[in-house]
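**Student:** Top to bottom, those sequences are chains L and V.
Per UniProt numbering, residue 1 is the first one in the first sequence, and the count goes up by one each step.
Per UniProt numbering, residue 1 is the first one in the second sequence, and the count goes up by one each step.
Take a look at the following structure, please.
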Amino acid sequence: MSDTADRVKKIVVENLGVEAEKVTEDASFIDDLGADSLDIVELVMAFEEEFGVEIPDDAAEKITTVKDAITYIDEHKG
Amino acid sequence: MIEKDGPRAGPMDGEFHMRRVVVTGLGLVTPLGAEVETAWKNLIAGKSGAGPITRFDATDYKCRIACEVKPADHEYGFDPYKRVDHKIQRQVDPFIIFGIDAAGQALEDAGLTDMSEEERYRAGCSIGAGIGGLPGIESESLVLDRKGPSRVSPHFVHGRLINLISGQVSIKYGLMGPNHAVVTACSTGAHSIGDAARMIAMDDADVMLAGGAEGAICPIGIAGFAQARALSTNFNDTPEKGSRPYDRDRDGFVMGEGAGVVCLEEYEHAKARGAKIYAEVIGYGLSGDAYHVTAPHPEGSGAYRSMEMAMRKSGLSLADIDYVNAHGTSTPLGDELELGAVRRLFGPALDGMSMSSTKSAIGHLLGGAGAVESIFCILAMRDSIVPPTLNLDNPSENCAGVDLVPHVAKERKVRAILNNSFGFGGTNASLVMKAID
């Protein structure tokens, strides 16, 4: 598991209050992890802080699973 | 989709009859305990919930003491995880967490956590706060200033709004009746109960969770109240002595935090399901001072009229009141003006009555005060004991002839109570309750 994946999962566990085992790469924030649209806004903000990336709104809308987040971050972090 | 509107209330044509309202559940989060029996036991034992402020470094503040709700590992601390999810805890201010927990306690105590959908259409919430999410407003303002608008939490607004205790509680328990939240400063808790009782009396609901909460022990909260000259500043080295209603050396209130929520229920509804009935809400009075934003009316006229209205509605005679839980915040002006109004209203009936201020032990819970203190009144009736006014070493001159229950709790019969709350803006509320045989 990559360093990015570890850190993303840690943020998801903390923000959504879900068990770590549930945060698989295929897990959907809304369907599997109980997030609502505002929780995703908050998650995206946390990813931006953690990784020093900027995730514009149109990109954020496409991030629906844990894997989407990891992929985006890996592609854009400096 | 008519079925989604829920069942209709009783017929609205013809004559309107007020329905009786009783208390069937209690919930408390206080500096002396995070559930009802612990808080009550500590209160009766004469303990103080005051201490140095630990929430932030108060070294440079004029007031460095408060009555904080204790952390989960404390002997009588509060564990937010009991009734509030981790995710919600991250999103909302402390007052909402306290409120959700106290409401849950009240609903559990009433045995109403498993209501049918039909019953839940007739169950609502009236849980307010005086100030609301001050700590979160403060901290997110700093985020805005330091990091810019795109870093402000998307949960900022609904994590601070005063009606979000009622909102959260209704979502958690599926309560689809009236959803209300009073904001009348330090009268909030009493107004919340009074308003909710009227909703039941007027057939808007059968069950209401009613009360108030506060969690404003944060830098801007303490600084703001201190600048308004409302807080005690002479007892920073002896925090437990700071709240001393009616004492000559009182110099302001000590900030408290927490929540009190009661489950109110229509009398026949409660009786039909064999519920434990603590008390009946029989009188509610409200008034405005129309005088000054922070100072009480110099003749206590608003306080008098509020109490007088509550007594008139109750149908009791003055001599029936055995205990008054005073607003008594420990401010130089307020305590004696309230006492003067009580004296004028009760006259000779004062002789048989006890009156104390539990703010001497738990501090001033602001929007939570009236509800927490109503619960103490109910327990006083249940256990035939009235809680003390701590630190009343040298009563002010005007206190002569009134039993202010100094220092230690007093065993006595309590058949009916009067509870007062007065708030900034000159808003007053009084509740009268009686025990049910």
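For glycine and all other residues, C-beta sits at the position ideal for the given N, C-alpha and C.
Could you check if Thr238/V is buried or exposed, using at least 16 other CB atoms within 10 Å of its CB as the buried criterion?
**Tutor:** Taking the first residue of the second sequence as position 1, residue 238/V is located at position 238. With fewer than 16 other Cβ atoms within 10 Å, it is exposed.
**Student:** Determine which residues share a DSSP beta bridge with Gly27/V and list them.
**Tutor:** Position 27 of the second sequence, counted from the first residue, corresponds to residue 27/V. Val261/V, per the DSSP bridge assignment.
**Student:** Please list, in chain order, all residues of the same chain as Lys47/V whose beta carbon is under 8 Å from its beta carbon, the five residues on each side excluded.
**Tutor:** As a working note, residue 47/V is residue 47 in the second sequence. Closer than 8 Å at Cβ, skipping near neighbours: Leu32 and Ala361.
**Student:** Please list the terminal residues of the continuous beta strand (DSSP E) segment that includes Cys377/V.
**Tutor:** The sequence position of residue 377/V within the second sequence is 377, counting from 1. Segment Ala369 to Asp383 is the alpha helix (DSSP H) holding Cys377/V; no beta strand (DSSP E) there.
**Student:** With H, G and I counted as helix, E and B as strand and the rest as coil, what does DSSP make of Ile131/V?
**Tutor:** Here residue 131/V corresponds to residue number 131 of the second sequence, with the count starting at 1. Here Ile131/V sits in coil by DSSP.
**Student:** With respect to the beta strand (DSSP E) encompassing Asn87/V, which residues constitute its N-terminal and C-terminal limits?
**Tutor:** Along the second sequence, one-based indexing puts residue 87/V at 87. The displayed chain sequence assigns Lys, not Asn, to residue 87/V. Note, Lys87/V: premise wrong, no beta strand (DSSP E); alpha helix (DSSP H) at His86 to Gln91.
**Student:** Per DSSP, which one or two residues make a beta bridge with Ala210/V?
**Tutor:** Working through the second sequence from its first residue, we reach residue 210/V at position 210. The partner list for Ala210/V (beta bridge, DSSP) reads Ser126/V and Val262/V.
**Student:** Give the residues of chain L in contact with Asp249/V, contact being defined as C-beta atoms less than 8 Å apart.
**Tutor:** Walking along the second sequence from the start, residue 249/V turns up at place 249. Here the premise fails: no neighbours, minimum Cβ distance about 47 Å.
**Student:** Ala210/V and Val261/V look like a contact to me (Cβ under 8 Å); what is the Cβ gap, rounded to whole Å?
**Tutor:** Position 210 of the second sequence, counted from the first residue, corresponds to residue 210/V. Position 261 of the second sequence, counted from the first residue, corresponds to residue 261/V. Yes, Ala210/V and Val261/V are in contact; Cβ-Cβ is about 7 Å, under 8 Å.
**Student:** DSSP beta-bridge partners for Ser33/V?
**Tutor:** The residue given as residue 33/V occupies position 33 in the second sequence. According to the sequence displayed, residue 33/V carries Gly and not Ser. According to DSSP, Gly33/V bridges with Thr30/V.
**Student:** If we ignore side chains and look at the alpha-carbon of each, how far apart do Asp73/V and Ala34/V end up?
**Tutor:** Residue 73/V sits at position 73 when you count from the first residue of the second sequence. Residue 34/V sits at position 34 when you count from the first residue of the second sequence. Taking the straight line joining both Cα atoms gives about 12 Å.
**Student:** In the DSSP assignment, find the unbroken alpha helix (DSSP H) run with Ser287/V in it and report its ends.
**Tutor:** Looking up residue 287/V in the second sequence gives position 287. Ser287/V -> not in any alpha helix (DSSP H); beta strand (DSSP E) instead, spanning Ala279 to Gly288.
**Student:** For a contact defined as C-beta to C-beta under 7 Å, what are the partners of Ser170/V on chain L?
**Tutor:** Here residue 170/V refers to the residue found at position 170 when the second sequence is read from its first residue. Here the premise fails: no neighbours, minimum Cβ distance about 17 Å.
**Student:** Determine the chain L residues that contact Ser153/V at a beta-carbon separation under 7 Å, and present them in chain order.
**Tutor:** If you number the second sequence from 1, residue 153/V lands on position 153. The answer, in chain order, is Glu42.
**Student:** Buried or exposed: which applies to Pro348/V, given that a residue is buried once 16 or more other Cβ atoms fall within 10 Å of its Cβ?
**Tutor:** Start at 1 with the first residue of the second sequence, and residue 348/V comes out as number 348. Burial call: exposed.
**Student:** For a quick check, are the C-beta atoms of residue 475/V and Ala197/V less than 9 Å apart?
**Tutor:** Residue 475/V cannot be examined here, being either before or after the span of chain V that is shown, 1 to 437.
**Student:** Check each candidate in Glu336/V, Ala429/V and Val386/V and name the one with the smallest Cα separation from Tyr246/V.
**Tutor:** Position 246 of the second sequence, counted from the start, is the residue given in the question as residue 246/V. If we check each option's Cα against that of Tyr246/V, Glu336/V comes out closest.
**Student:** Nearest to His158/V by CA position, among Gly252/V, Ala123/V and Pro94/V, is which residue?
**Tutor:** Against the second sequence, residue 158/V aligns to sequence position 158. Per the Cα distances, Pro94/V.
**Student:** If we call anything under 9 Å between Cβ atoms a contact, is Glu68/V one with Glu240/V?
**Tutor:** Taking the second sequence and counting its residues from 1, the one referred to as residue 68/V is at position 68. Taking the second sequence and counting its residues from 1, the one referred to as residue 240/V is at position 240. No, the Cβ-Cβ distance between Glu68/V and Glu240/V is not below 9 Å.
**Student:** Do you know how far the Cα of Asp32/L is from the Cα of Lys22/L?
**Tutor:** Along the first sequence, read from residue 1 onward, the residue named residue 22/L stands at position 22. Along the first sequence, read from residue 1 onward, the residue named residue 32/L stands at position 32. Those two C-alpha atoms are separated by around 8 Å.
**Student:** Could you give the residue range of the beta strand (DSSP E) that holds Thr427/V?
**Tutor:** Numbered from its first residue, the second sequence carries residue 427/V at position 427. Thr427 to Lys434 is the extent of the beta strand (DSSP E) around Thr427/V.
**Student:** Which of the three DSSP states, helix, strand or coil, is assigned to His269/V?
**Tutor:** Residue numbering aside, residue 269/V sits at position 269 when the second sequence is read from its first letter. His269/V: helix per DSSP, three-state reduction.
**Student:** Using beta carbons (cut-off 9 Å, strictly below), is Val22/V in contact with chain L?
**Tutor:** Against the second sequence, residue 22/V aligns to sequence position 22. False, the Cβ-Cβ gap to chain L never drops below 9 Å.
**Student:** Tell me which residue opens and which closes the beta strand (DSSP E) that Gly356/V is part of.
**Tutor:** Translated into the one-based positions of the second sequence, residue 356/V becomes position 356. Correcting the residue identity first, residue 356/V is Ser in this sequence and not Gly. Segment Ser354 to Ser356, the beta strand (DSSP E) holding Ser356/V.
**Student:** Is it right to say Met202/V is buried, meaning 16 or more other beta carbons lie within 10 angstroms of its own, or is it exposed?
**Tutor:** Position 202 of the second sequence, counting from 1, holds the residue named residue 202/V. Exposed, because fewer than 16 other Cβ atoms sit within 10 Å of the Cβ of Met202/V.
**Student:** Distance, Cα to Cα, Arg273/V vs Glu37/V?
**Tutor:** For the purposes of this step, residue 273/V is taken as the residue at position 273 of the second sequence. For the purposes of this step, residue 37/V is taken as the residue at position 37 of the second sequence. In a straight line, the C-alpha of Arg273/V is about 24 Å away from that of Glu37/V.
**Student:** Does any CB atom of chain V fall closer than 9 Å to the CB of Val31/L?
**Tutor:** Residue 31/L sits at position 31 when you count from the first residue of the first sequence. It is Asp, not Val, that sits at residue 31/L in the sequence shown. No, Asp31/L does not count as interfacial toward chain V.
**Student:** Apart from the five residues just before and just after Arg83/V, which ones in its own chain have a Cβ nearer than 7 Å to its Cβ?
**Tutor:** Here the question's residue 83/V lines up with position 83 in the second sequence. Around Arg83/V: Ile100, Asp101 and Gly104.
**Student:** Report all residues from its chain with a CB closer than 6 Å to the CB of Ile40/L; omit the five preceding and five following residues, and keep chain order.
**Tutor:** Here residue 40/L refers to the residue found at position 40 when the first sequence is read from its first residue. For Ile40/L, where only same-chain residues beyond five positions count, the Cβ hits under 6 Å are Phe29.
**Student:** Report the residue ranges of all alpha helix (DSSP H) runs contained in full by the UniProt domain "Carrier" (2-77) of chain L; include only those spanning at least 4 residues, in chain order.
**Tutor:** Listed in chain order, they are 3-16, 37-51, 57-62 and 66-76.
**Student:** Does Glu21/L get closer than 9 Å to chain C when you measure Cβ to Cβ?
**Tutor:** Among the protein chains in the structure shown, which are L and V, there is no chain C.
**Student:** Please list the partners that Lys82/V has in chain L, where partner means a Cβ-to-Cβ separation under 7 Å.
**Tutor:** Within the second sequence, residue 82/V is the residue found at index 82, counting from 1. Per Cβ cutoff of 7 Å: no residues; Lys82/V is ~14 Å from chain L at best.
**Student:** Looking only at its own chain, which residues have a Cβ that is under 7 Å from the Cβ of Ala275/V, when we skip the five neighbours before and after it?
**Tutor:** As a working mapping, residue 275/V is identified with position 275 in the second sequence. Hits under 7 Å: Thr24, Ala110, Gly111 and Glu265.
**Student:** Do Gly285/V and Ala435/V come within 9 Å of each other at the CB atom, strictly closer than that value?
**Tutor:** Along the second sequence, one-based indexing puts residue 435/V at 435. Along the second sequence, one-based indexing puts residue 285/V at 285. The answer is no: Cβ separation not under 9 Å.
**Student:** I'd like to know whether the C-beta of Arg90/V is nearer than 9 Å to at least one C-beta of chain L.
**Tutor:** For this step, residue 90/V is matched to residue 90 along the second sequence. Yes - at least one Cβ of chain L is within 9 Å of the one on Arg90/V.
**Student:** In chain V, which residues lie less than 9 Å from Gly17/L when you measure between Cβ atoms?
**Tutor:** As a first step, residue 17/L is located in the first sequence; it is residue number 17 there, counting from the start. Result: Asp85, His86, Lys87, Ile88, Gln89 and Arg90.
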